[in-house]
Amino acid sequence: MDSGAPQQLLVCEYCDTVYRRRRLARGEVAECPRCLCEIERYQWLNPAVLLALILTALLAFVQANIFPIVTLGLGGQQNSVTLWGMIVIMWREHAQVVSVLTAATLFFFPLIKMSLLGWLLWFARLGVRAPGFARLMVLLHYVNPWTMSEVFVLGALVSIVKAHVYFEVVVDPGIYAYAALTVLITLFSGVDLRDLWELPERGAT
Ligand SMILES: [Zn+2]
Numbered sequence: 023m024d025s026g027a028p029q030q031l032l033v034c035e036y037c038d039t040v041y042r043r044r045r046l047a048r049g050e051v052a053e054c055p056r057c058l059c060e061i062e063r064y065q066w067l068n069p070a071v072l073l074a075l076i077l078t079a080l081l082a083f084v085q086a087n088i089f090p091i092v093t094l095g096l097g098g099q100q101n102s103v104t105l106w107g108m109i110v111i112m113w114r115e116h117a118q119v120v121s122v123l124t125a126a127t128l129f130f131f132p133l134i135k136m137s138l139l140g141w142l143l144w145f146a147r148l149g150v151r152a153p154g155f156a157r158l159m160v161l162l163h164y165v166n167p168w169t170m171s172e173v174f175v176l177g178a179l180v181s182i183v184k185a186h187v188y189f190e191v192v193v194d195p196g197i198y199a200y201a202a203l204t205v206l207i208t209l210f211s212g213v214d215l216r217d218l219w220e221l222p223e224r225g226a227t
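Sequential numbering from 23 applies to the sequence shown in the numbering used here.
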């Protein structure tokens, strides 16, 4: 029944124990009995579907950054600000730590993650490894913890709560684009990309 002949052996990336591979059923997760770490997870999304999701997320990301996310009331003035507007204001208002945290969790890390995934999946869809594959997969591994939806949502909450100290805050449409983006980012964090290692190098055939 095996189609495409997946590799027969599986190595635990935490303790290097080698296992014979078994095809997983929907919803199944393979755990290493030695160190109890997850070594494989059933893949329910193929690269083409994932790529479509990444493009959707990028669109939401662009909208989230173009539309104002909040209207700030300051001294009788009403100002609608975008995410970057807010980051700059917080920096000027001596909330530098929150400003940097917001820029990192709501802008840079999601953008890096989506770009990396988009690049890797674009080639995966064609059945090959993307240029720079190994290095980018390692980079993605390090970026991942910083784009987890919890961090993402926390960044938004912290910045809005913190902004309340300085301004009167009313939410705007951009925040809904961020909400949609959060849902998509949550989806990606459950995606197992280890299968991509089985793809051949470009021009290897
Ligand atoms: Zn292990």
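The beta-carbon is built from N, C-alpha and C at its ideal position, and this holds for glycine as well.
Kindly examine ligand 1 and report whether one of its heavy atoms sits closer than 8 Å to the Cβ of G36. Here residue 36 is taken as the residue at index 14 of the sequence shown, counted from 1. It should be pointed out that residue 36 corresponds to Tyr in this sequence rather than to Gly. Under cutoff, so the answer is yes.
Compare the beta carbon distance of D189 and L75 with 9 Å and say whether it is the shorter of the two. Here residue 189 refers to the residue found at position 167 of the sequence shown. Here residue 75 refers to the residue found at position 53 of the sequence shown. Note on identity: in this sequence residue 189 is Phe, with Asp being the wrong assignment. Between F189 and L75, the C-beta gap is not smaller than 9 Å, which leaves the two residues out of contact.
How big is the Cα-Cα spacing for L58 and C37? The residue given as residue 58 occupies position 36 in the sequence shown. The residue given as residue 37 occupies position 15 in the sequence shown. Straight-line Cα distance between these residues: approximately 10 Å.
Out of I111, D217 and S137, state which residue places its alpha-carbon closest to the alpha-carbon of V84. In the sequence shown, residue 84 corresponds to position 62, counting from 1. With distances taken between Cα atoms, V84 lies closest to S137.
Between the alpha carbons of I197 and L161, how many angstroms are there, rounded? On the sequence shown, position 175 is the one that residue 197 refers to. On the sequence shown, position 139 is the one that residue 161 refers to. Approximately 28 Å between the Cα atoms of the pair.
Spatial distance of L143 from A126 (CA atoms): Stepping through the sequence shown from its first residue, residue 143 is reached at position 121. Stepping through the sequence shown from its first residue, residue 126 is reached at position 104. So the alpha carbons of these two residues sit roughly 24 Å apart.
Beta-ladder partner(s) of E115, from DSSP: Within the sequence shown, residue 115 is the residue found at index 93, counting from 1. Answer is none; E115 lacks a bridge partner.
Out of T78, L31 and T39, point me to the one whose CA is closest to V205's CA. Numbered from 1 along the sequence shown, position 183 holds the residue referred to as residue 205. Per the Cα distances, T78.
Locate the alpha helix (DSSP H) running through V205, then write down its first and last residues. Numbered from 1 along the sequence shown, position 183 holds the residue referred to as residue 205. V205 -> alpha helix (DSSP H) spans G196 to S211.
N236: which of F145, S102, R157 and L81 sits nearest, CA to CA? The structure shown has nothing for residue 236, since the chain only spans 23 to 227.
Could you check whether the Cβ of I61 sits closer than 8 Å to any heavy atom belonging to ligand 1? Position 39 of the sequence shown, counting from 1, holds the residue named residue 61. Result yes, Cβ under 8 Å from ligand 1.
Any heavy atom of ligand 1 closer than 8 Å to the beta-carbon of R56? Your numbering for residue 56 matches position 34 in the sequence shown. Under cutoff, so the answer is yes.
What does a CB cutoff of less than 6 Å around N101 pick up in its chain, not counting 5 residues either side in sequence? To locate residue 101, count along the sequence shown from 1; it is residue 79. Answer for N101: L94, listed in chain order.
Within the continuous beta strand (DSSP E) that includes A52, where are the two ends? As a first step, residue 52 is located in the sequence shown; it is residue number 30 there, counting from the start. It spans V51 to E53 - the beta strand (DSSP E) in which A52 sits, taken as one unbroken run.
Verify whether the separation of the beta carbon atoms of R13 and E62 is less than 9 Å. Nothing can be reported for residue 13: it is not among the residues displayed for the chain, which extend from 23 to 227.
Output the distance between the C-alpha atoms of T134 and Y41, rounded to the nearest integer angstrom. As a position in the sequence shown, residue 134 is number 112, starting the count at 1. As a position in the sequence shown, residue 41 is number 19, starting the count at 1. Checking the sequence shown, residue 134 turns out to be Ile, not Thr. Their Cα atoms are separated by approximately 33 Å.
C-alpha distance - L81 paired with L128, whole-angstrom precision: Walking along the sequence shown from the start, residue 81 turns up at place 59. Walking along the sequence shown from the start, residue 128 turns up at place 106. Spanning the two alpha carbons is a distance of roughly 15 Å.
Keeping to the same chain, check which residues put their C-beta closer than 6 Å to that of F155; ignore five residues upstream and five downstream. Within the sequence shown, residue 155 is the residue found at index 133, counting from 1. Closer than 6 Å at the Cβ level, and outside the excluded window around F155, lies no residue.
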